[in-house]
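If you count by my numbering, then the sequence shown holds residues 1 to 431, one letter each, in order.
Glycine is no exception: its CB is placed at the ideal position from the N, C-alpha and C atoms.
In what follows, a single structure is set out as structure tokens and then discussed.
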Amino acid sequence: MLITDDFLPVPVPESLSATYLVPMAGLPRVSPKTAVRALEGRLAPPVHGLATQMLDSPLMSVDTRSIDEFPQLPPDLLTAFGATEAQLGRLAAASHLVVVQAEYRPGWPPAHEWAARAVAAAVAESVDGDVVDVFGLQFLDPATALRSLPDEHGRVRLVDWVLVPYSSDAEGLWFTTKGLRRFGLLELQTQGVPDHLTRAWGAVMTGAARRLLRDWTDGLAGEEVPAFVQLPVLATVTGHDIAVAYGNPEQHGATAPVLLRLELDPATDPEADSFLSLRPPPGHPGPDGKYFAAACATLFSGIQPDVRYARSGDAMSRAVATARAGLDGIRARFLAGQLPAESQLVVKYGLPGDEGPEYVWAGVTSWETPERIVGASASDANTDPSVRIGSPVVVESTDIVDWALLDGTGVIEGGWTQAVLDAGERPHPSH
């Protein structure tokens with residue numbers, strides 16, 4: 001095996017397993033095969049065929065057990081990963097668990113995960129129940145579980161399979177992924193992330209996971225499973241990686257790639273997980289957090305994706321007025337194709353929130369009438385769970401407070417409210 005300074009050898013497990021549970025009061029109403037047959041036409045044919053084949057093979061087992069035979073699932077962790085009171089109530093009332101387990105070799109497709117989730121969703125749907133993903137400690141309703149499975153082209157949204165939890169410590173935020181081990185890869189971590197980059201860095205981690213998972217599965221493409229896969233020490237992440245991971249490959253701005261250095265962080269405790277740490281590239285001066293902030297600025301085209309509020313009667317109010325005065329002119333240039341080459345037009349607009357509007361950015365894709373813009377969100381919103389990076393949005397012109405032209409270096413025109421924020425004036429929430 002070749003070991004160089006350019007590549008990091010990451011060990012490959014011999015096999016991978018997936019476990020899903022379906023809590024139920026009483027015994028199953030139908031067999032797993034009957035439940036899976038009921039999904040024909042609703043699952044992409046390759047996935048439906050895979051689930052059927054795995055059910056007939058020794059690679060999958062489906063057992064019904066008394067709930068007393070299974071270790072208790074931790075309600076606090078289930079709640080932390082999104083469990084509702086109704087789901088926890090159904091779990092508490094359950095007398096039995098249907099346990100779906102599958103094994104497969106590392107590589108792509110991850111047949112153990114696709115098939116086990118499909119079978120568990122089919123069983124859960126037959127009893128109007130829930131699926132519990134044991135790896136992610138997550139409840140999934142059957143419809144959500146089925147939507148997460150590959151389409152007819154084999155595509156999935158990585159965000160349906162990999163979570164990015166974070167916690168705070170004295171150095172800043174500590175991010176980890178939770179889901180890459182499904183595919184045999186070590187989980188990622190980043191430490192020392194500035195607090196204001198919570199949502200932005202979560203998206204960067206998801207994009208990095210997508211890029212490294214592709215390198216990982218490329219290294220497992222041969223007939224024999226290797227002992228190690230060589231991952232590049234300097235990994236690149238682009239806006240396209242983030243958009244694909246969120247399921248919006250056609251809605252992404254052209255961003256310059258960001259370099260992240262990969263370090264193996266082996267666990268000292270045999271029961272603990274090892275990580276692949278994401279760090280700034282060699283030679284970066286100053287604290288890591290400074291580089292992470294610059295990386296976010298590049299990937300989100302110089303636009304701060306975190307929440308800020310405007311108040312009247314200050315520099316921010318003047319900035320909003322200036323931006324609004326220029327809307328007709330920038331629309332005319334956009335429609336006439338007169339914007340600079342390789343540039344992107346973005347607008348900042350308000351979403352209603354309990355503490356006043358939340359302001360987010362969106363890339364403009366269509367502006368047919370002066371009153372309404374169709375675009376793609378450049379950030380995740382706090383107040384509206386449907387507004388996610390890359391998701392389509394419709395913006396009323398009356399809600400716009402700023403616009404900007406971006407290229408690979410950042411803002412080249414406009415961005416008046418951003419200039420106020422970058423100058424250090426941090427407005428307070430308005431009520």
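What does A404 pair with, by DSSP beta-bridge criteria? Looking up residue 404 in the sequence shown gives position 404. Note: A404 sits in a beta bridge opposite V346 and G414.
Measuring CB atoms only, is the region 269 to 277 touching the region 170 to 190, in the sense that at least three cross pairs come out at less than 8 Å? yes
Suppose the cutoff is 6 Å on Cβ atoms and the five residues either side in sequence are ignored; what does the same chain contact list for G247 look like? On the sequence shown, position 247 is the one that residue 247 refers to. Once the five neighbours on either side are set aside, the close Cβ partners of G247 are R157.
Given P280 as reference, the closest of P385, Y291, P270 and L55 once Cα atoms are compared: The residue you call residue 280 lines up with position 280 of the sequence shown. The residue with the shortest Cα to Cα distance from P280 is Y291.
Select from S317, T298 and G192 the residue whose C-alpha is nearest the C-alpha of G286. Looking up residue 286 in the sequence shown gives position 286. Of S317, T298 and G192, the residue nearest in Cα terms is G192.
Tell me which same chain residues have a C-beta within less than 7 Å of the C-beta of T322, skipping the five on either side of it? Here residue 322 refers to the residue found at position 322 when the sequence shown is read from its first residue. Cβ within range, chain order: W416.
Note the first and the last residue of the continuous alpha helix (DSSP H) segment covering L212. Counted from its first residue, the sequence shown places residue 212 at position 212. T198 to G219 is the span of the alpha helix (DSSP H), which, as asked, contains L212.
What separation, rounded to the nearest whole angstrom, lies between the Cα atoms of G202 and F175? Reading the sequence shown from its first residue, position 202 is the one you call residue 202. Reading the sequence shown from its first residue, position 175 is the one you call residue 175. Taking the straight line from one Cα to the other gives about 7 Å.
Status (buried if at least 16 other CB within 10 Å, exposed otherwise) for G453: There is no way to answer for residue 453, as the model of the chain reaches only from 1 to 431.
Count the CB pairs spanning the region 113 to 133 and the region 34 to 43 that are closer than 8 Å, and state whether there are at least three. yes
What's the C-alpha gap between S386 and R29? Here residue 386 refers to the residue found at position 386 of the sequence shown. Here residue 29 refers to the residue found at position 29 of the sequence shown. For S386 and R29, the distance between alpha carbons rounds to 35 Å.
Length at least 3, wholly inside the region 316 to 375: the beta strand (DSSP E) runs in chain order: 344 to 351 and 358 to 369
Does the distance from the C-beta atom of I412 to that of L406 stay below 8 Å? Position 412 of the sequence shown, counted from the start, is the residue given in the question as residue 412. Position 406 of the sequence shown, counted from the start, is the residue given in the question as residue 406. Yes, the Cβ-Cβ distance between I412 and L406 is below 8 Å.
Quick check on the DSSP output: what are the complete beta strand (DSSP E) runs of length 3 or more inside the region 97 to 161, in order along the chain? 131 to 133 and 138 to 140
Starting from G172, follow the beta strand (DSSP E) in both directions and report where the run begins and ends. On the sequence shown, position 172 is the one that residue 172 refers to. G172 to T176 is the extent of the beta strand (DSSP E) around G172.
Just the C-alpha distance for D380 and V360, rounded to the nearest angstrom, thanks. The residue labelled residue 380 in the question sits at position 380 within the sequence shown. The residue labelled residue 360 in the question sits at position 360 within the sequence shown. Whole-angstrom Cα-Cα distance: 8 Å.
Span separating the alpha-carbon of L197 from that of A295: Residue 197 sits at position 197 when you count from the first residue of the sequence shown. Residue 295 sits at position 295 when you count from the first residue of the sequence shown. C-alpha separation (whole angstroms): 11 Å.
Nearest-angstrom Cα distance between E271 and L78? In the sequence shown, the residue the question calls residue 271 occupies position 271. In the sequence shown, the residue the question calls residue 78 occupies position 78. Answer to the nearest angstrom: the Cα atoms are 21 Å apart.
Where V358 falls, given that 16 or more other Cβ within 10 Å makes a residue buried: Numbered from its first residue, the sequence shown carries residue 358 at position 358. The amino acid occupying residue 358 in the given sequence is Glu; Val does not appear at that position. Flag for E358 reads buried.
Does the beta-carbon distance from A18 to E171 come in below 8 Å? Within the sequence shown, residue 18 is the residue found at index 18, counting from 1. Within the sequence shown, residue 171 is the residue found at index 171, counting from 1. Contact: no.
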